[in-house]
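J.:
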Amino acid sequence: MNTKDIDLKLTDIAHFRGAYAYDLLPAKPTSDFSAVINTDDSTKPGDHWLVLARKEGKLLFIDSYGRHYKDESFDPNFKNWILNYIGDERVVCNRRWLQRLTSNACGAYCVYFIRELDNHSLRFCVSVFGVDLAANDSFVLRYVDNIDTEQ
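So the sequence shown is numbered by my numbering: it starts at 1 and just counts up by one.
#1: Compute the beta-carbon to beta-carbon distance between N136 and L98, rounded to the nearest angstrom, for a pair I have assumed lies under 8 Å.
#2: From I82 to D88, what does the alpha carbon distance come to, in whole angstroms?
#3: Where in the region 73-108 do unbroken runs of the beta strand (DSSP E), each at least 3 residues long, occur, reported from the N-terminal end onward?
#4: Which two residues bound the contiguous beta strand (DSSP E) that contains V38?
#5: Exposed or buried, what is T39 when buried is set at 16 or more other beta-carbons lying within 10 Å of its beta-carbon?
#6: Assign V140 to one of three DSSP states: helix, strand, or coil.
#7: Could you tell me whether the region 91-111 touches the region 62-70, using the rule of 3 or more Cβ pairs below 8 Å?
#8: Return the chain-ordered list of same chain residues with a C-beta closer than 8 Å to the C-beta of D5, the five sequence neighbours on each side being excluded.
Printed below as a string of structure tokens:
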């Protein structure tokens, strides 16, 4: 999914701020929000989408690979940016690996999490996934396909 696809699937979510390359993300709101950010900066084609959101005062970092925002596998530029953006806020991370490494479903996971976090906890949202990563990918791709974007 590209930025336009993600934005279109989330246009009806009130707190959604948009999908961005990490270096273009607007200033962090103090109230509840959600955004999809790419781990590539705006000079690159895009690599991996993840969610950054605040719900009920908690900052959430959701990566379909289950990585913590301080994970060494992130590009150092992204990692420095996210550490600066988060600052001293307490962050809750999804630590479960959900997506196959060979799939490109990361945008669909982001759409799923932002839509479902509107009414459910992160724990509940993660609980619908099993250990079969291919089945997880299929689930979120079907979920996104079923979103009516005709408004």
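All C-beta atoms, glycine included, are put in the ideal place defined by N, C-alpha and C.
Note that the structure is predicted; figures quoted are calculated from it, not measured.
T.: Per the coordinate set shown:
#1: 5 Å
#2: 11 Å
#3: 91-93
#4: A quick correction: the sequence has Asn, not Val, at residue 38. Start and end: 33-38.
#5: Buried, by the Cβ-count rule.
#6: DSSP places V140 in helix when its eight states are reduced to three.
#7: yes
#8: G107
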